[in-house]
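So the mapping is simple: this note's numbering equals the position in the sequence shown, first residue as 1, plus 1119.
Positions of the beta carbon are idealized from the N, C-alpha and C atoms, including for glycine.
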Amino acid sequence: MALAAATPSSGNQGRCSPHLVFIPSAGMGHLLPFTRFIAALADTGGVDISVVTAMPTVSAAEADHFTGLFAAFPAIRRIDFNLLPVDEAAFAGTDPFVLRWESLRRSAHLLGPLIAGATPRASALITDITLASQVIPIAKNELHLPCHILFISCATMLSFLAYFPTYLDGASADHLAGDVNIPGIGHIPVDYPPQVLRNPDSLFTKQFIANGRLIAEADGILVNTFDALEPDALAALRGGKVVPGFPPVFAVGPLKSTSTTGSDETVVGASSPIAWLDEQPVRSVVYVAFGNRSAAALEQIREIGAGLEASGCRFLWVVKTTVVDREDTAELTDVLGGGFLGRVQGRGFVTKEWVDQEAVMKHPAIGLYLSHCGWNSVTESAMYGVPMLAWPTLGDQRLIATMIRSGGFGLWMEHWSWEGNSVVSGVEIGEKVKQVMGDEAISARAAKVREEATKAVAQGGSSYRNMQEFLATLKAT
């Protein structure tokens, strides 16, 4: 938000500076907005910052990300939080990040003494939504501190989470039984929210309900969005239509990268994706990536390849064959089939390596993003004016895809699925890629969204003002 170069966040700001203690969760989709928001606050100055770091991390990517953050901002304090062991055998088949959230929640009672001993004394806590029902009571009853939530998805998903307990109470159910009508938002079909909510016994469902019931007791909710992107949802939340007496909602996005991963070397050099993009015409390349949480079946991967080949478009494709960031030893030639790489040589760049997505998204050669619709990816598309072809995979991504469709800066193929034995044909993928790449109306709307995002974070813009208002509330307590 009109940020200056990275500077230390504490020590020299004086004793009166608010001391914010961040308690992030697990998963890169959660950590990225946390580190971006932390960096934005560190750059503004006037605040002390500590980050509670759960040990051990779930993945090497998370460990590297924390290392990069503390290296970039040496004045930020690190509070190591050693988690109590959890019997993983009792949760066989559970998503590793959901399991980590449960481990954090079960160890949360140790946070009180840990934070109480912080120097200088903490002024407020900022935690992830996955930990809200555990951390809010600790902040209020034990530490007597304000507690804010940094919500890592869109405001529409926030409205669903906040209203979900009311829906359950009215439906006399403990899981998602049908469509939901959210006051001020409208009709949410049953297959849009996370489908795991249909299972009342899932760990995620239990966590989701508990957090939904407590979120209204937070002192404020920070959201990585901006007013022009989600005006209706933000107005409904702020006006108390979704939940009467809901806490203040600060739209402070889109949050920008801080390059804290220490992986810049992966995007330079003759064989890097960025070097390849430098050789391509403006807006000529389709960027294809589906996040780091899940992988498509081999048959679907090959159909994606067939579609990209048939489209005739240039493309940069990040192929993923394993879940989360587990070691991926499969060879591209085996995954994609014989001859594919040779046939697309020159107009296609295919990699299984880590890619600096924001560096890709802001490159002028990118003309379309075929995406899983993770919220961080959508905000990056908005920030850089890249049209989207939405293919949501799991969690909140179908609900997020509605934002792309209503915003007009992309196309959502709602019948495309990743579930069961469903396979989208290469013929259909190729046709839609070519269609959206040539759609001037979608490109124009994406450019307009970029303009609105730029205004939001500039001095005097909506997100800039919301950030200043949030900082003012901290300094007033």
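Going by beta carbons, G1164 and K1594 fall outside the 9 Å limit. Under DSSP, the beta-bridge partners assigned to G1467 are F1434, Q1464. In the displayed model, N1260 falls within a helix according to three-state DSSP. The region 1244-1261 and the region 1138-1153 touch, with three or more beta-carbon pairs separated by less than 8 Å. Boundaries of the alpha helix (DSSP H) harbouring F1153: 1147-1163, taken from the DSSP string.
Unbroken beta strand (DSSP E) stretches of 3 residues or longer found wholly inside the region 1522-1555: 1529-1531, given in chain order. Look at F1192 here: in three-state DSSP terms it is coil, with no helix or strand label. For T1172, the enclosing beta strand (DSSP E) covers residues 1167-1174. The region 1291-1325 is shown to contain no whole alpha helix (DSSP H) run of 4 or more residues.
Secondary structure note for D1351: its alpha helix (DSSP H) is the uninterrupted segment 1350-1357. If you check the CB distance, P1265 and A1258 come in under 9 Å.
Using a C-beta cut-off of 8 Å, the region 1234-1242 makes no contact with the region 1305-1321, since fewer than three inter-stretch Cβ pairs fall below that distance. Its chain contains V1299 as the residues whose beta carbon lies nearer than 6 Å to that of Y1286, once the 5 sequence neighbours on both sides are disregarded; these appear in chain order. The alpha-carbon of D1214 is positioned some 42 Å away from that of C1135.
DSSP links Y1488 through a beta bridge to Y1406, M1507. Between the region 1573-1586 and the region 1541-1552 there are fewer than three C-beta pairs closer than 8 Å, too few to call the two in contact. Residue R1569 holds the alpha-carbon nearest to the alpha-carbon of G1526 among L1513, V1552, R1569. By alpha-carbon distance to L1150, the top candidate from T1249, L1233, G1231 is T1249. For V1454, no beta strand (DSSP E) segment is defined; the enclosing uninterrupted segment is the alpha helix (DSSP H) at 1451-1455. For the set L1460, L1218, I1485, A1565, the Cα lying nearest the Cα of G1529 is the one of A1565.
Going by beta carbons, I1234 and L1333 fall outside the 9 Å limit. For L1341, the uninterrupted beta strand (DSSP E) segment begins and ends at 1339-1342.
In the DSSP assignment, L1202 falls outside any beta strand (DSSP E), carrying neither H nor E. Cβ-Cβ separation between F1153 and V1177: approximately 14 Å, too far for a contact (criterion under 8 Å). In the three-state reduction of the DSSP assignment, D1515 falls in the coil class, being assigned neither a helical nor a strand state. Around the Cβ of M1174, a 10 Å sphere holds fewer than 16 other Cβ atoms; the residue is exposed.
The continuous alpha helix (DSSP H) containing I1393 extends over residues 1392-1397. Listed as beta-bridge partners of A1243 by DSSP are L1139. Burial check for Q1516: the Cβ neighbour count within 10 Å reaches 16 or more, so the residue is buried. Remark: C-beta atoms of I1423 and V1404 do not approach each other more closely than 9 Å. In the three-state scheme derived from DSSP, where H, G and I count as helix and E and B as strand, L1374 is classed as coil. Listed in chain order, the non-local C-beta contacts of L1451 below 7 Å within the same chain comprise V1438, L1460, V1469, K1471, local neighbours out to five positions each way being set aside. For I1485, the closest alpha carbon among the candidates R1466, S1430, G1456, R1402 is that of R1402. S1272 and Q1419 have their C-alpha atoms spaced approximately 27 Å apart.
About 23 Å separates the beta carbon of G1557 from that of H1491, a gap too long to meet the 8 Å contact definition. With contacts defined by Cβ atoms closer than 9 Å, A1352 and G1303 form a contacting pair.
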